[in-house]
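Q: Structure incoming, see below.
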Amino acid sequence: MKLFKDAPLATRDEITPKLGFVLVVLLALVWLIPFLWMVVATLRPPSDGINAMAELMPSLKPTLDNIKDAWDIGDFPRYFLNTTIICTGILLVQFVTVTLAGFAFARLSFAGKSLIFYLFLLQLMLVPVLLIVPNLTLVAKLGLYDTLTGVMMPFFASAFGTFLMRQAFEAIPTELEDAALIDGAGVFARIRHIYVPLSLPSFSAFAIVSVTSHWNDFLWPLMVINSPDKRPLTVGLSVFTKTAEGTQAWGTIAAGTLIVIAPLLVTFLIFQKRFISSFVTSGIK
Amino acid sequence: MRSTFRRGEMSLAEPAPLAVTRSGPPRLNVLQRFIAGFKASLPAYLLLLPSLIFLAAFTYGAVGRVIVDALYQRATPRAPSRFVGLDNLVAVLADPAFTGAVINNLLYAVGTVVPSMALAFLFALALSRTNAVTSALRAALFLPVLIPMVAASALFLFIFLPNVGLLDHYIGRLLPVLPNWLGDPDIALVAIMVITIWKNAGYYMLFFLAGLQAVPEDAMEASYLDGAGPWQRLRYIILPELKPTFLFVTVIAGLNAVTQVDHVFVLTQGGPSNATNLVLFYIYEQAVEHYDVGKASAATLLSLGVLMGLTALSFRTLANREGGP
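Written as structure tokens, this is what we have:
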């Protein structure tokens, strides 16, 4: 097999790895079936009938009617806007908090450093998703129930981001900072002009992990948001699905799902390598 | 993790941060030293303050509120709350819906962690060399990781649809009786597991790919020279080398089995007859649908205890891996 040309010489005659590879190719095709169905069903005209709905062969008379229907039923532009506001808001505040805290841990020495470090670690151990009930009561007390700010707030501090930035900042040679110190640059000037520009890859890795995870968040916004016009994409899609399910409009559901995930998939296909390496660092977030 | 932290403490860029006077009787200087230490540490505290405020409100404070809320109960949603001690914990543990949810969640954890990890490992083994074909296959297997669980649920809603759905359309004719995948209490949890496995295997694959990169080249070469077959290489070199990765992925997948349950909300609402009721859904139902914050908090507290044990384990693994993945 041509694919195995770069395999070590001694292993080229082995059968098992090739069988394993064939198996994984088949599984990868199975993995793609839900996506394939989504696209095919989106383009299938309702006139093909309910029994053709499951066919993976594309219809001979493709139509955009399902996308139009989905667009009319669901308030997708509004959902997109809300999700974008939530993800951007969280990310901007996180950038500030994790940069400052990461710098403190990487470069400053202070009383109680280990204690505070373990306090940060504790956030990773406490699994924020489980704290929805006490956090909902707090958000309500702060008067932020049914607001996008309420959805964002619990995520403003990020232990994962802090550790990622600490790691990046520690790798920056101190000589660079010494030069700035001689020039009399303050803490913020040094962070702004030395640490941040040299850590951009870590910032982008953090941004990818943060945005994808909050883009996909469902349970927390479901609890905080009550008004239909404040729903993010995930909550909007679940309501949309419920509505369309009632009328057996499977093509419309497929179209709605496609609308929701298309931006993520396109971004991923463009920045594939970066996404994958960021996700590897995100084991614990 | 700990070792890098110590190193960070040694390489100080800031000049003389701790101005501690060493002369004089130490007792008299305790307060003075504390003040001096605090003053020197002040810039760092100010930098940490924004993070600590939010952590205090939404993490540590939240845990505190869970503990307090678990000790109080209201007779009706509008009645004043009164102290009930451990009554909520007892009530939760005696609630068949909760114990059922715990059992379901254990089944769900085993039924998702083991297959998704085995598949992820198989994917990584087959796709460990990088070329255009393997990159495309990796991307295909990774796609489900990116999409929201709610979107995955919308797709599987049709896949599992009785009679006309994708699954019945293609493999239904192989079965004597068409099962109602999401409607049959004996099958629904398995159907939910399938979605999770489809969604997560590609994520765990990344960790195994990273782990495989770290398998020493010379050990592999020595095995070729010794004429070791693929199974022998797997058994004696790759598996021992990847043991920390397996542990790490087990923990991540275990946490996901508790926290990633959006598809239960969208597809089954815990039904049919509580067959897919998982712990987080139980907590949500108690709090949002029954307005029973006391019981919801007691259930949260129990789950937190279990999960903290699991994450503590993961940090030990991380520390052993010197920085982790």
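First to last, the protein sequences are chains A and B.
For the record, in the first sequence the residue sitting at position 224 is 224 according to my numbering, with numbers rising by one throughout.
For the record, in the second sequence the residue sitting at position 17 is 17 according to my numbering, with numbers rising by one throughout.
Every residue gets a Cβ at the ideal spot worked out from N, C-alpha and C, and that includes glycine.
Note that the coordinates shown come from a computational prediction; the quantities given were computed from them, not determined experimentally.
Give the straight-line distance between the Cα atoms of residue 110 (chain A) and residue 131 (chain A), rounded to the nearest whole angstrom.
A: Residue 110 (chain A) sits at position 110 when you count from the first residue of the first sequence. Residue 131 (chain A) sits at position 131 when you count from the first residue of the first sequence. Between residue 110 (chain A) and residue 131 (chain A), the C-alpha separation is close to 30 Å.
Q: Return the first residue and the last residue of the alpha helix (DSSP H) that residue 199 (chain B) is part of.
A: Counting from 1 along the second sequence, the entry for residue 199 (chain B) is found at position 199. Where residue 199 (chain B) is concerned, the enclosing alpha helix (DSSP H) stretches over 188-213.
Q: Using the Cα positions of residue 103 (chain B) and residue 187 (chain B), report the straight-line distance between them to the nearest angstrom.
A: By 1-based counting over the second sequence, the position of residue 103 (chain B) is 103. By 1-based counting over the second sequence, the position of residue 187 (chain B) is 187. Near 15 Å, if we compare the C-alpha coordinates of residue 187 (chain B) and residue 103 (chain B).
Q: Just to confirm before moving on: does the CB-CB distance between residue 97 (chain A) and residue 80 (chain B) stay below 8 Å?
A: For the purposes of this step, residue 97 (chain A) is identified with residue 97 of the first sequence, where counting begins at 1. For the purposes of this step, residue 80 (chain B) is identified with residue 80 of the second sequence, where counting begins at 1. Going by C-beta atoms, residue 97 (chain A) is not nearer than 8 Å to residue 80 (chain B).
Q: From residue 176 (chain A) to residue 100 (chain A), what distance separates their C-alpha atoms?
A: Taking the first residue of the first sequence as position 1, residue 176 (chain A) is located at position 176. Taking the first residue of the first sequence as position 1, residue 100 (chain A) is located at position 100. Residue 176 (chain A) and residue 100 (chain A): Cα-Cα distance of roughly 18 Å.
Q: For the putative contact between residue 54 (chain A) and residue 177 (chain B), defined by C-beta atoms under 8 Å, what is the C-beta separation to the nearest angstrom?
A: Reading the first sequence from its first residue, position 54 is the one you call residue 54 (chain A). Reading the second sequence from its first residue, position 177 is the one you call residue 177 (chain B). With a Cβ gap of about 18 Å, residue 54 (chain A) and residue 177 (chain B) do not count as contacting.
Q: Assign residue 12 (chain B) to one of three DSSP states: helix, strand, or coil.
A: On the second sequence, position 12 is the one that residue 12 (chain B) refers to. In this prediction, residue 12 (chain B) has a pLDDT of 39, which is less than 50 and means its spatial position is unreliable; what the coordinates show is noted afterwards. Coil.
Q: For residue 43 (chain A), collect the residues of the same chain with a Cβ closer than 7 Å to its Cβ; drop the 5 residues on either side in sequence, then sort them by chain order.
A: In the first sequence, the residue the question calls residue 43 (chain A) occupies position 43. Cβ neighbours of residue 43 (chain A) beyond the five flanking positions: 58, 59, 62 and 63.
Q: To the nearest angstrom, how far is the alpha carbon of residue 184 (chain B) from that of residue 89 (chain B)?
A: Position 184 of the second sequence, counted from the first residue, corresponds to residue 184 (chain B). Position 89 of the second sequence, counted from the first residue, corresponds to residue 89 (chain B). So the two alpha carbons sit approximately 31 Å from each other.
Q: Whose Cβ in chain B lies nearer than 9 Å to the Cβ of residue 20 (chain A)?
A: Against the first sequence, residue 20 (chain A) aligns to sequence position 20. Per Cβ cutoff of 9 Å: 122, 125, 126 and 230.
Q: For residue 182 (chain B), collect the residues of the same chain with a Cβ closer than 7 Å to its Cβ; drop the 5 residues on either side in sequence, then sort them by chain order.
A: By 1-based counting over the second sequence, the position of residue 182 (chain B) is 182. Around residue 182 (chain B): 160, 188, 191, 267 and 268.
Q: Rounded to whole angstroms, how far is the Cβ of residue 101 (chain B) from the Cβ of residue 278 (chain B), which I believe are closer than 8 Å?
A: If you number the second sequence from 1, residue 101 (chain B) lands on position 101. If you number the second sequence from 1, residue 278 (chain B) lands on position 278. Correct: roughly 6 Å between the Cβ atoms.
Q: For residue 307 (chain B), which residues from the same chain have a beta carbon less than 7 Å from its beta carbon, with the 5 sequence-adjacent residues on both sides left out?
A: Locating residue 307 (chain B) in the second sequence gives position 307, where the first residue counts as 1. Excluding sequence neighbours, residue 307 (chain B) sits near 255 and 258.
Q: If you drop the 5 nearest sequence neighbours on each side, which residues of the same chain put their C-beta closer than 7 Å to that of residue 273 (chain A)?
A: Residue 273 (chain A) sits at position 273 when you count from the first residue of the first sequence. So the list is empty, once near-sequence residues are dropped.
Q: How do the segment 121-128 of chain B and the segment 146-156 of chain B stand: do at least 3 beta-carbon pairs fall below 8 Å, yes or no?
A: no
Q: Within the continuous alpha helix (DSSP H) that includes residue 170 (chain B), where are the two ends?
A: Residue mapping note: residue 170 (chain B) aligns to position 170 of the second sequence, counting from 1. Here the alpha helix (DSSP H) through residue 170 (chain B) covers 166-171.
Q: Any C-beta of chain B sitting closer than 8 Å to the C-beta of residue 146 (chain A)?
A: By one-based count along the first sequence, residue 146 (chain A) stands at place 146. It does not: the Cβ of residue 146 (chain A) has no partner Cβ on chain B nearer than 8 Å.
Q: So does the segment 170-190 of chain A actually touch the segment 124-138 of chain A, counting three or more Cβ pairs closer than 8 Å?
A: no
Q: Looking at the structure shown, is residue 179 (chain A) part of a helix, part of a strand, or coil, going by DSSP?
A: Here the question's residue 179 (chain A) lines up with position 179 in the first sequence. Three-state result, residue 179 (chain A): helix.
Q: Buried or exposed: where does residue 284 (chain A) fall if 16 or more other Cβ atoms within 10 Å of its Cβ makes it buried?
A: On the first sequence, residue 284 (chain A) is found 284 positions in, with the first residue counted as 1. The pLDDT assigned to residue 284 (chain A) is 47, lower than 50, so where the model puts this residue is not dependable, and the model offers no usable value.
Q: Would the segment 33-42 of chain A and the segment 231-240 of chain A be scored as touching if the rule is three or more Cβ pairs under 8 Å?
A: With the cut-off at 8 Å, the segment 33-42 of chain A and the segment 231-240 of chain A do not touch.
Q: Quick one: list the residues of chain A neighbouring residue 147 (chain B), beta-carbon separation under 7 Å, in chain order.
A: In the second sequence, residue 147 (chain B) corresponds to position 147, counting from 1. Residues of chain A with a Cβ closer than 7 Å to the Cβ of residue 147 (chain B) are, in chain order, 261 and 264.
Q: At the level of alpha carbons, what is the spacing between residue 213 (chain B) and residue 41 (chain B)?
A: The sequence position of residue 213 (chain B) within the second sequence is 213, counting from 1. The sequence position of residue 41 (chain B) within the second sequence is 41, counting from 1. C-alpha separation (whole angstroms): 42 Å.
Q: Is the shortest distance between the beta-carbon of residue 131 (chain A) and the beta-carbons of chain B less than 8 Å?
A: Residue numbering aside, residue 131 (chain A) sits at position 131 when the first sequence is read from its first letter. Output row for residue 131 (chain A): interface = yes.
Q: Hey, how far is the Cα of residue 115 (chain B) from the Cα of residue 106 (chain B)?
A: Reading the second sequence from its first residue, position 115 is the one you call residue 115 (chain B). Reading the second sequence from its first residue, position 106 is the one you call residue 106 (chain B). When rounded, the distance between both Cα atoms is 14 Å.
Q: Kindly list, in the order they appear in chain B, the residues whose Cβ is closer than 7 Å to that of residue 250 (chain A).
A: As a position in the first sequence, residue 250 (chain A) is number 250, starting the count at 1. Simply 158.
Q: For residue 237 (chain A), would you say it is in contact with chain B, using Cβ-to-Cβ distances shorter than 8 Å as the test?
A: Reading the first sequence from its first residue, position 237 is the one you call residue 237 (chain A). For residue 237 (chain A), the closest Cβ of chain B is nearer than 8 Å.
Q: Alpha carbon to alpha carbon, what distance is there between residue 205 (chain A) and residue 5 (chain B)?
A: The residue given as residue 5 (chain B) occupies position 5 in the second sequence. The residue given as residue 205 (chain A) occupies position 205 in the first sequence. Confidence is the limiting factor: at residue 5 (chain B) the pLDDT is only 39, short of 50, which leaves the residue's position unreliable, though a coordinate-based value still follows. Whole-angstrom Cα-Cα distance: 21 Å.
Q: Name the chain B residues that come within less than 7 Å of residue 268 (chain A), Cβ to Cβ?
A: Here residue 268 (chain A) corresponds to residue number 268 of the first sequence, with the count starting at 1. Neighbours of residue 268 (chain A) on chain B, chain order: 146.
Q: What three-state label does DSSP hand residue 188 (chain A) in the structure shown?
A: As a first step, residue 188 (chain A) must be located in the first sequence, where it is residue number 188. Residue 188 (chain A): helix per DSSP, three-state reduction.
Q: Whose C-beta lies closer than 8 Å to the C-beta of residue 86 (chain B) among residues of the same chain, with five residues either side of it excluded?
A: As a first step, residue 86 (chain B) must be located in the second sequence, where it is residue number 86. Here the set comprises 71.
Q: Going along the chain, which residues of its own chain have a beta-carbon closer than 7 Å to the beta-carbon of residue 153 (chain A), five neighbours each way excluded?
A: Working through the first sequence from its first residue, we reach residue 153 (chain A) at position 153. Non-local beta-carbon contacts of residue 153 (chain A) in its own chain, meaning distances under 7 Å to residues more than five positions away in sequence, involve 139 and 144 in chain order.
Q: Any beta carbon from chain B within less than 8 Å of residue 13 (chain A)'s own beta carbon?
A: Stepping through the first sequence from its first residue, residue 13 (chain A) is reached at position 13. So, not an interface residue.
Q: Along the chain, where does the alpha helix (DSSP H) that runs through residue 18 (chain A) open and close?
A: Translated into the one-based positions of the first sequence, residue 18 (chain A) becomes position 18. Looking at the DSSP string, the run of the alpha helix (DSSP H) that includes residue 18 (chain A) is 16-43.
Q: Using the beta-carbon count (16 or more within 10 Å), is residue 91 (chain A) buried or exposed?
A: Sequence index remark: in the first sequence, residue 91 (chain A) carries index 91 (1-based). Burial call: buried.
Q: Looking at the unbroken alpha helix (DSSP H) that takes in residue 156 (chain A), where does it start and where does it end?
A: Mapped onto the first sequence, residue 156 (chain A) falls at position 156. No alpha helix (DSSP H) holds residue 156 (chain A); DSSP gives it neither H nor E.
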